[in-house]
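In UniProt numbering, the protein residues as written are 7 to 422. Heads up, the thing below is written out as structure tokens.
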Amino acid sequence: DTKIWRVDPRQVSAEGLREAAACLQAGGLVAFPTETVYGLGADALQAEAVAAIFTAKGRPSDNPLIVHIADRDDVARLTVGFPALARRLAERFWPGPLTLVLPASPQIPAVVTAGLATVAVRMPSHPVARALIGEAGTPVAAPSANRSGRPSPTTAAHVWEDLGGRIDGIVDGGDCDLGLESTVVDATGDVAVILRPGGVTREMIEALGLPVRTAFAAERLGEGTGAVAGTDAVAGTDAVAGTDAVAGTDAVAGTNEAAEAFCCDGDVEPGGGAGDFVPPSPGMKYVHYAPRAPLYLLDGGWEGQVEALRRLLSPSAERGDDAGPTGLLISEDTYRRIEPMLQQCGDAGHGEKWVVRLTGSREDLATVARRLFGAIRAFDQTTVARIVAETYPHRGIGSALMNRLEKAAGGRRWPG
Ligand code: TXA
Ligand code: MG
Numbered sequence: 007d008t009k010i011w012r013v014d015p016r017q018v019s020a021e022g023l024r025e026a027a028a029c030l031q032a033g034g035l036v037a038f039p040t041e042t043v044y045g046l047g048a049d050a051l052q053a054e055a056v057a058a059i060f061t062a063k064g065r066p067s068d069n070p071l072i073v074h075i076a077d078r079d080d081v082a083r084l085t086v087g088f089p090a091l092a093r094r095l096a097e098r099f100w101p102g103p104l105t106l107v108l109p110a111s112p113q114i115p116a117v118v119t120a121g122l123a124t125v126a127v128r129m130p131s132h133p134v135a136r137a138l139i140g141e142a143g144t145p146v147a148a149p150s151a152n153r154s155g156r157p158s159p160t161t162a163a164h165v166w167e168d169l170g171g172r173i174d175g176i177v178d179g180g181d182c183d184l185g186l187e188s189t190v191v192d193a194t195g196d197v198a199v200i201l202r203p204g205g206v207t208r209e210m211i212e213a214l215g216l217p218v219r220t221a222f223a224a225e226r227l228g229e230g231t232g233a234v235a236g237t238d239a240v241a242g243t244d245a246v247a248g249t250d251a252v253a254g255t256d257a258v259a260g261t262n263e264a265a266e267a268f269c270c271d272g273d274v275e276p277g278g279g280a281g282d283f284v285p286p287s288p289g290m291k292y293v294h295y296a297p298r299a300p301l302y303l304l305d306g307g308w309e310g311q312v313e314a315l316r317r318l319l320s321p322s323a324e325r326g327d328d329a330g331p332t333g334l335l336i337s338e339d340t341y342r343r344i345e346p347m348l349q350q351c352g353d354a355g356h357g358e359k360w361v362v363r364l365t366g367s368r369e370d371l372a373t374v375a376r377r378l379f380g381a382i383r384a385f386d387q388t389t390v391a392r393i394v395a396e397t398y399p400h401r402g403i404g405s406a407l408m409n410r411l412e413k414a415a416g417g418r419r420w421p422g
């Protein structure tokens, strides 16, 4: 049986979280809201409790977890040393959607770090998360509270959908504000290496005057992306502890081969062509956020995307509709441009041919990001045979947004 504790994030009381905190102390599994997505928490210092997280999620055991703390000073208990770069980042961005990869203290159970010499630490800003961790009085290991391979949950209902009956409880603190997982930064060296883009953007780190590099793939399409990270995406991954084995880095420049490897289909390691490619963050090698129906990304600038949608909607287009309706994951701006054509299709967009989910305005990518995972989950409740999704500029939060869309698409483009 999974308990639900409702908590108003504007009026958090220790009282309201006492049972959930006691459950964590007793080695239980409790899902809770953060400003990014819901996490599935266990006491990070109890190996058995942490092991149960992997079972509940169906998560591969070689993918390490993030340890959440309520107080900045708690980082000292989890790491050996706090490098100057990490200190700057924590001062500026904690509490908030930033995870720092740091040298791990030997006190941390190996099940948390998947045996790595580093540990990922984050101090969330969500009042419910902080009160819960504080009340439990222990660091809390928590991956996103979804079944492995599903989009991260941004509401308590999403958590219930995936894990109801499999965990001890869910603290329902309403919808998550950011809707995408935290930025993961390797802060063990002199350069901030972004392993996963998120709410703390590259631009925000650069504004501190710190050297930054990215080590995630993608940024391959959409507006103004001629420059695939080519140089940036993979080169110099050796800075990341223990993963100097990026295959054929020179072959990568400008060819996206590494990006292809990240986006491979299948569950585990990218095969053929990539050689013994070792991703800088273990999570990178897994396919994430895949909706039930294949998702295709539109490419190019906005006008080009609208044009491609018009061709798709034109009565003469060959779409193979027999397999089921097509989902359109598009902005309000784009919807306005194609609405007349949807009506000409005879069903105003609500009939059997098209299922439209609006992401928000192209001028407000934070809203698009907040809604993304919920929209993908909503398509799973329909009979769509395919989803065609709009893409966005890579500026600011757009970089994290596009990273998640790329993962959902697994390399699929529309038109193919
Ligand atoms: O926003 C978030 O980060 C959410 C909330 C709950 O805090 N958590 C989350 O956790 O997204 P998870 O487990 O879904 O993603 C953690 C990512 C994985 O890609 C994992 O491989 C990476 O962080 N990671 C964890 N420890 C690492 C380490 N020592 N070195 C490199 N990457 C690490
Ligand atoms: Mg996750």
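Each residue gets a CB set at the ideal place from its N, CA and C atoms; glycine is no exception. These figures come from a predicted structure and were not determined experimentally.
In DSSP terms, what A110 is bridged to: T85.
For S150, the residue or residues it bridges with in DSSP: Note: S150 sits in a beta bridge opposite G45.
Inter-residue Cα distance where the pair is D183 and A147: Between D183 and A147, the C-alpha separation is close to 21 Å.
Cβ-heavy atom distance, S287 to the ligand MG, below 7 Å: Every heavy atom of the ligand MG is 7 Å or more from the Cβ of S287, so no.
Proximity test, S150 beta-carbon vs the ligand MG heavy atom, cut-off 7 Å: A distance criterion of 7 Å places the beta-carbon of S150 in contact range of the ligand MG, judged by its closest non-hydrogen atom.
Cβ-Cβ distance between P109 and A90 below 8 Å: Not a contact, by the Cβ cut-off of 8 Å.
D256 in three-state terms, based on DSSP: Reliability fails at D256, whose pLDDT of 25 lies under 50, so the model's placement of it is uncertain and the value that follows must be treated cautiously. It is helical.
CB contact flag (P203, T189, <8 Å): Here P203 is near T189, since their CB atoms are less than 8 Å apart.
Same chain, Cβ closer than 6 Å to A162, neighbours up to 5 away in sequence not counted: Taking A162 as the centre and dropping the five residues before and after it, the same chain places the C-beta of I176 and D178 closer than 6 Å to its C-beta, in chain order.
Whole-Å CB distance - H164 paired with E41, under 8 Å assumed: Their Cβ separation, rounded to whole angstroms, is 16 Å, which puts H164 and E41 out of contact at 8 Å.
Cβ-based burial, G230 [other Cβ within 10 Å; buried from 16]: Caution applies to G230, whose pLDDT of 37 falls short of 50 and renders its modelled position unreliable; the value that the coordinates give is listed next. Flag for G230 reads exposed.
Beta carbon of L51 nearer than 8 Å to that of T144: For L51 and T144, yes; Cβs fall inside 8 Å.
Residue range of the unbroken beta strand (DSSP E) whose run includes L304: Run containing L304: L301 to L304, per the beta strand (DSSP E) assignment.
Supposed close pair V390, P331 - CB separation, criterion 8 Å: With 8 Å as the limit, V390 and P331 qualify as a contact, their Cβ atoms being about 5 Å apart.
Between the CA atoms of P149 and A395 - distance to the nearest angstrom: Going by the C-alpha atoms only, they are around 27 Å apart.
Distance between beta carbons of L378 and T397, contact taken as under 8 Å: Contact doesn't hold; Cβ gap of about 12 Å is too wide.
Opposing strand residues paired with V362 [DSSP bridges]: In the DSSP output, where bridge partners are listed per residue, V362 has L334.
Any non-hydrogen atom of the ligand MG closer than 7 Å to E41 Cβ: No, the beta carbon of E41 sits no closer than 7 Å to any heavy atom of the ligand MG.
Spatially closest choice to L319 from R343, V36, D49 and G307, by CA coordinates: Answer by Cα proximity: R343.
Proximity below 8 Å, CB of D168 to CB of V36: Cβ atoms of D168 and V36: not closer than 8 Å.
According to DSSP, residues forming a beta bridge with F38: The bridge partners DSSP lists for F38 are G45.
Beta-carbon proximity list for R65, same chain, < 8 Å, skipping 5 on both sides: The residues are I59, P149 and S154.
Contacting residues, own chain, Cβ-Cβ under 7 Å from A27 (five flanking each side not counted): Excluding sequence neighbours, A27 sits near L138, E141 and A142.
Strand pairing of L216, partner residues [DSSP]: Beta-bridge annotation (DSSP): L216 is not paired with any residue.
Span of the alpha helix (DSSP H), counted from its first residue to its last, around A142: Unbroken alpha helix (DSSP H) run through A142: P133 to A142.
Backbone CA spacing between D370 and D49 [nearest angstrom]: Distance between the alpha carbons of D370 and D49 is about 37 Å.
Of the listed residues V117, C29 and V86, nearest to T61 (C-alpha basis): Ranking the options by Cα distance to T61, first place goes to V117.
For V56, the residue or residues it bridges with in DSSP: DSSP output for V56 lists no bridge partner at all.
For H400, the residue or residues it bridges with in DSSP: None, per the DSSP bridge assignment.
Same chain, Cβ closer than 7 Å to S158, five either side skipped, listed in chain order: A distance below 7 Å between beta-carbons, with the five flanking residues on each side excluded, links S158 to the following residues of its chain, in chain order: V43, S150, N152, E187 and F379.
E187 Cβ short of 7 Å to the ligand MG heavy atom set: With a cutoff of 7 Å, E187 counts as near the ligand MG, since its C-beta is closer than that to a heavy atom of the ligand.
heavy atom of the ligand MG below 7 Å from S67 C-beta: Not so, every heavy atom of the ligand MG lies at least 7 Å from the Cβ.
Heavy atom of the ligand MG within 7 Å of residue 456 beta-carbon: No answer is possible for residue 456: it lies beyond the span of the chain, which begins at 7 and ends at 422.
Simplified DSSP assignment, three categories, for A375: Three-state DSSP puts A375 in a helix.
Whole-Å CB distance - R418 paired with P300, under 8 Å assumed: About 6 Å separates the two Cβ atoms, so the contact holds.
I403 CB to nearest heavy atom of the ligand TXA below 7 Å: No, the beta carbon of I403 sits no closer than 7 Å to any heavy atom of the ligand TXA.
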